[in-house]
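See below for the structure under consideration.
Residue numbers (this note's numbering): 25 to 110.
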């Protein structure tokens with residue numbers, strides 16, 4: 025990213041990596057999909073009830089590896105923060 029900013033004319037371009045765990049509950053995270061938010065929400069809400077139950081069960085199975093000791097999801101995130109002076 026710093027190279028890209030430098031090539032765009034920014035001075036002193038730097039990039040650093042930020043890492044954190046997004047913390048939420050299984051139900052809160054599922055709420056977006058169940059509520060029709062974004063593409064996954066469209067997919068979930070367009071299914072019949074039996075299929076939604078199957079999707080939810082698979083979601084819970086896949087989420088299990090991210091559960092912490094409090095039974096909350098700890099979802100790892102990484103972002104690049106780039107900056108420079110124009």
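Don't be surprised by glycine CBs; every beta carbon is placed ideally from N, CA and C.
- Message: Is the separation between the beta-carbon of residue 34 and that of residue 110 shorter than 8 Å?
- Response: On the chain shown, position 10 is the one that residue 34 refers to. On the chain shown, position 86 is the one that residue 110 refers to. Judged by beta-carbon spacing, residue 110 lies within the 8 Å limit of residue 34, meaning their Cβ atoms are closer than that value.
- Message: Let's see if you can read the secondary structure: which residues bound the beta strand (DSSP E) around residue 39?
- Response: To locate residue 39, count along the chain shown from 1; it is residue 15. Looking at the DSSP string, the run of the beta strand (DSSP E) that includes residue 39 is 35-48.
- Query: In terms of DSSP beta bridges, what is residue 105 paired with?
  - Reply: For this step, residue 105 is matched to residue 81 along the chain shown. Residue 105 is bridged to 40.
- Query: Contact check, residue 39 vs residue 105 under 8 Å by CB: the rounded distance?
  - Reply: Here residue 39 refers to the residue found at position 15 when the chain shown is read from its first residue. Here residue 105 refers to the residue found at position 81 when the chain shown is read from its first residue. Residue 39 to residue 105, Cβ: 7 Å. Contact.
- Message: Counting C-beta neighbours from all protein chains within 10 Å, is the total for residue 68 16 or more, i.e. buried, or is it exposed?
- Response: On the chain shown, residue 68 is found 44 positions in, with the first residue counted as 1. By the 10 Å Cβ count, residue 68 comes out buried.
- Item | Sequence-distant residues of the same chain with beta carbon closer than 7 Å to residue 25, five excluded per side | Along the chain shown, read from residue 1 onward, the residue named residue 25 stands at position 1. Excluding positions up to five away in sequence, the list reads 39, 104, 106.
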